[in-house]
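Numbering (this note's numbering), first residue to last: 660 to 1480.
Okay, so here's the structure we're looking at.
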Amino acid sequence: MPSPWRRRTFLQAVGGGTLALGLTGTLAHPSAASGVPAPDGASAAASDAASDAASDAEYDALRGKWRDLILGTGFSPTAEPYRTILGGLGTTAAGYRATMAPASGSLWPGRSWTDPEPDLDAESYAFSAVMNDSYNRLRTMAEAYSQPGTGLTGDAGLRDAVITGLDHLYAEVYNETTARYGNWYNWQIGAPQALMDTCVLMYDHLSAAQIASYCRAVDAFVPDSVFASYTGTSTGANRVDLCRGVILRGIVGKDAGRIALASQALAPVFPYVTSGDGFYADGSFVQHRNVPYIGGYGAVLHDGVGRLLALLRGSSWEVRDAGTQLFLDTIEKAVAPFVYNGLMMDNVSSRGISRVGTNDHQRAHGLMATILLVGQGASAEENARWRAMVKGWLQRDYHYPALKNPGLSLIRASLLQALQDDTTVEAAPEPVEHRLFPDMARATHRRRGWAASLSMASNRIAHYEFGNGEHARGYHTGAGWLSWWGSDFGLEQYSDAYWPTVDPYRLPGITASRKPLADGEGGNWGQPMPDAAWVGGTTDGEYAAVGQHLKGISSTMEARKSWFCLDDSIVCLGAGITSADGHSVETTVDNRALGTTGAPGLTVDGRAQPVTQGWTATFDDVEWAHIAGQAGYVFPGGARIGAVREERTGSWREINTGGTPDPITRRYLTLFTDHGVDPADGDYAYVLLPGASARSTAQRACDKGWLRILANSADQQGVRVPKLGFTAVNFWTAGTVDRIHAGGPASVLVREHRNGTATIVVSDPARQATSLNIVWNRRVSTVLSKPATVTAATTGSSLKLTFGDLTGRAGAPQKITVRLG
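Quick look at the structure:
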């Protein structure tokens, strides 16, 4: 039976072009900092009037522009990497033509869209997916016919096969009389987009009657009502995809009203949201109500909006919404923080990480090209910054260079190759910064030589998403998963069949009960969320205190977890670890992928360990450990640590019903703390030093004055690092830790600077503080700056801050600068 439909990975579809796109000038800036109203009746009427004046020449021009956005222009088909990509396209299209056999209920043998009892079960999803896939194959064939260098360029037999396929699909399944079944996406987004793209490519070979029929089908499944409200399946990336299908239908069918409607329907996508789907002011992006999705739907949204702005620029339907600048701002606020040296961090790609044939690098490649395309409509300064940023990613991705990706479309390859060849653009380095995303319970920490990211769950953000049979074992990806990469090592950590082979109960950094969970725990599209409000933290932009009140999925397990992100390390604390599941609870210090032949060097307290396949060990009173070529781990006060070197076998089918069943084996080295069965008040403390040598790890362990753990309990967790002038405390409840007092739950960070000033940053991660008092028992002479949320500030022998209502600040850090006494 054919596999169920899988929401496409970003940029599996064809891409956009660099030339002949009319992308000049700068998009209008918004008049307000957040949101813009939808077009009023007058502006809508004006748009309609302009649309009515459209001529056949304008429709022809738009078709030509979209053709370039599909096929690309300005490259040599005999030069690499284009020659290889074109050859692969021709081979694929030839295979489709050779096996195509129109019959009742199918276009290819063994791939039927006929469902005898249409409903919404998995089988029904599979049947509608076959219809969608059939259109995608026809589009591929049309591209091979239209592109140079495929070996099938202008082939009359291929052309006729495409048209035969379009007519067969219309007659059999995708027409105005068919009742929709299965996955709505296939009918309203997948099929219309592929159908209209194919119509653009084959337009000169289609009759007026054929075009009218295909347009009637799109009108039937994507009626005007899909844009009536910004809810349900018509939000975020889905809204953009719906607009794309209808705009292309309007261009192909020369229907000005449909183009005007869909171009205006983009307006709700631009303003920042405060709940549900869309971009948030802090850079978060959420889809499906509560799932972080920058690497999936967010990337699709960027691709769609970027190409539609390019398509319509200079036409009667140009998008002039002031909110387009808000969209441009998300490149640096929302997208870039999750791309590191050519990979897209997995913790914002949700179900996408369970799909065979894709990985974190591939997900980034298309997005990198999209940024270049969008940049052509941005200001000169923005475009220059983005090109330098993308060039840096291109040059530093040693593991999977974008221009060696065989799945990269022609237009994306041409965008990236042109940038790589542009000697006027100097590659920008990775920034050194911390970025906090409270609205999607994520954080990124970048240092010279490495980067890390935290993935959490809260009463606003799901543990994980399971749907369409995808991501069946992602249940602990929101349990404090700490992923990290080195600049010249570790970029392949999650790229080589990690997800079908890793132990899902031992992801790096998580605390989890070993209670067995069912595949898809929480149910199809259940998107389970914990009843935990205090999730987030605070940052000064360089260092950070991040915390998670963790409640396990389908478990009684509960914990307080904190991460203090510093210059060369991350201090990881856990406390209040309790459970009554009848199973052991573990905190995974790290779980490093070793590939197929990896033989790691593990050192514990200066003693090399005889790590072989199947090796397990437990070490008491460990002060430090080191994994060669990876990282060092320091355990302040000593710890009991378990270690496992194992070979694990799995398949993509096990985590995604659309995956391949072939067994895959990979090797792992795992360090963990076992808190025992049903712990009552477990805790842990360790310091992660990415890229550190064994010698520097040992030196850090010996330096007892470098780190002071001020508190590690279910009430407060805090540290001080004197060398950095850094003190930070996560207050789960009111209390006093060292020199800092908080009158209620809060996250507080203090940085004392050498110039006699200090920065105090405070946040209310739980979003429940209607007032908050913070006292720092340190002499302060003057408050140099403070936000409006500070209603009173007293200096002298101590600094006393009174905050007003913080519930509406969405957990955002509040920064105060003072001069020390």
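Ideal Cβ positions, reconstructed from N, Cα and C, are used throughout, including at glycine.
All of these numbers come straight from a predicted model, not from anything done at the bench.
Beta-carbon proximity check, residue i vs residue j, cutoff 9 Å
| i | j | result |
| --- | --- | --- |
| V603 | R1325 | The question about residue 603 has no answer, for the chain in this structure spans 660 to 1480. |
| D1147 | G1108 | yes |
| H1020 | L1032 | no |
| S934 | R1101 | no |
| L920 | F886 | yes |
| S1422 | R1468 | yes |
| G1483 | V998 | The shown model of the chain, from 660 to 1480, leaves out residue 1483, and the question about it has no answer. |
| R798 | D856 | yes |
| V978 | L907 | no |
| T1329 | R1304 | yes |
| M800 | A830 | no |
| D1249 | G1168 | yes |
Separation of residue j from residue i, as counted between CA atoms
| i | j | result |
| --- | --- | --- |
| A1401 | A1387 | 12 Å |
| F1125 | G895 | 19 Å |
| N795 | V877 | 15 Å |
| E717 | V928 | 26 Å |
| R1367 | G1309 | 42 Å |
| V1194 | S1117 | 6 Å |
| G1254 | Q1272 | 13 Å |
| A871 | L860 | 16 Å |
| D1333 | W1140 | 17 Å |
| W725 | R966 | 9 Å |
| G754 | R742 | 18 Å |
| A993 | Q869 | 43 Å |
| A1234 | P1404 | 16 Å |
| G1480 | V1442 | 11 Å |
| Y952 | S1009 | 6 Å |
| Q946 | N842 | 17 Å |
| T1017 | G1318 | 11 Å |
| H1130 | L1166 | 15 Å |
| D1342 | S1221 | 11 Å |
| A995 | A1447 | 29 Å |
| G747 | T1237 | 55 Å |
| L1150 | S1352 | 18 Å |
| S693 | Q984 | Because S693 carries a pLDDT of 29, less than 50, the predicted location of this residue cannot be relied on, and the following value inherits that uncertainty. Distance between the alpha carbons of S693 and Q984 is about 10 Å. |
| H1093 | E1201 | 5 Å |
| A1471 | V1420 | 10 Å |
| L682 | T1197 | With a pLDDT of 32 at L682, under the threshold of 50, the modelled position of that residue is not reliable, and the figure given next carries that caveat. Distance between the alpha carbons of L682 and T1197: 39 Å. |
| A1541 | L1465 | Outside the shown range of the chain, which is 660 to 1480, sits residue 1541, and nothing can be said about it. |
| V789 | S765 | 8 Å |
| Q1186 | Y1134 | 10 Å |
For residue i: DSSP bridge partner residues
| i | result |
| --- | --- |
| S847 | The sequence shown places Gln at residue 847, rather than the Ser named in the question. Beta-bridge pairing links Q847 to no other residue. |
| H1104 | H1093 and A1111 |
| H1208 | R1219 |
| T1329 | N1250 and V1303 |
| S1243 | V1336 |
| H1400 | T1395 and V1434 |
| T1466 | In DSSP, T1466 forms no bridge with anything. |
| W767 | R770 |
| V945 | G937 and P951 |
| H1285 | T1262 and G1291 |
Whole-number beta carbon distance between residue j and residue i, since they are thought to touch under 8 Å
| i | j | result |
| --- | --- | --- |
| L1062 | L1075 | 6 Å |
| R1071 | G1025 | 6 Å |
| S787 | W767 | At roughly 16 Å, the Cβ-Cβ gap does not stay under 8 Å, so S787 and W767 are not in contact. |
| R1426 | T1418 | Actually they do not touch by this definition, with Cβ atoms about 23 Å apart. |
| A1252 | Y1164 | Contact doesn't hold; Cβ gap of about 16 Å is too wide. |
| A1111 | L1209 | Between L1209 and A1111 the Cβ distance is about 18 Å, and since that is not below 8 Å, they are no contact. |
| I1314 | R1132 | 5 Å |
| E1217 | A1171 | Not quite, the Cβ-Cβ distance comes to about 12 Å (not below 8 Å), so this is no contact. |
| G1206 | S1372 | With 8 Å as the limit, G1206 and S1372 do not qualify as a contact, their Cβ atoms being about 13 Å apart. |
| S793 | M1004 | Not a contact, Cβ separation roughly 34 Å. |
To test your reading of the DSSP string, which unbroken alpha helix (DSSP H) runs of 4 or more residues are found completely within the segment 964–995? With a minimum length of 4 residues, the continuous alpha helix (DSSP H) runs that stay inside the segment 964–995 are 983–989.
At what residue ranges does the segment 1338–1388 contain a whole run of the beta strand (DSSP E), taking only runs of 3 or more? Unbroken beta strand (DSSP E) runs of no fewer than 3 residues, entirely contained in the segment 1338–1388, are found at 1341–1349, 1367–1371 and 1375–1380, following chain order.
At 4 residues or longer, and completely inside the segment 779–857: list those alpha helix (DSSP H) runs for me, N to C. Fully contained in the segment 779–857 are the following alpha helix (DSSP H) runs of length 4 or more, in chain order: 781–805 and 815–831.
3 or more residues per run - each beta strand (DSSP E) lying fully within the segment 1134–1193: Assignment of beta strand (DSSP E) within the segment 1134–1193, counting only whole runs of 3 or more residues, yields 1138–1145 and 1170–1172 in chain order.
Contained beta strand (DSSP E) runs [length at least 3] in the segment 1022–1100, N- to C-terminal order: Here the runs fully enclosed are 1092–1096.
Of all the alpha helix (DSSP H) runs that stay within the bounds of the segment 706–765, which reach a length of 4 or more residues? Every alpha helix (DSSP H) stretch that sits fully inside the segment 706–765 and reaches 4 residues is listed by chain position as 715–730 and 741–758.
At 4 residues or longer, and completely inside the segment 899–931: list those alpha helix (DSSP H) runs for me, N to C. List check, alpha helix (DSSP H) in window: 915–923.
4-residue-minimum alpha helix (DSSP H) runs that sit fully inside the segment 853–898, ordered along the chain: Given a length threshold of 4 residues, each whole run of the alpha helix (DSSP H) inside the segment 853–898 is given here in chain order: 867–880.
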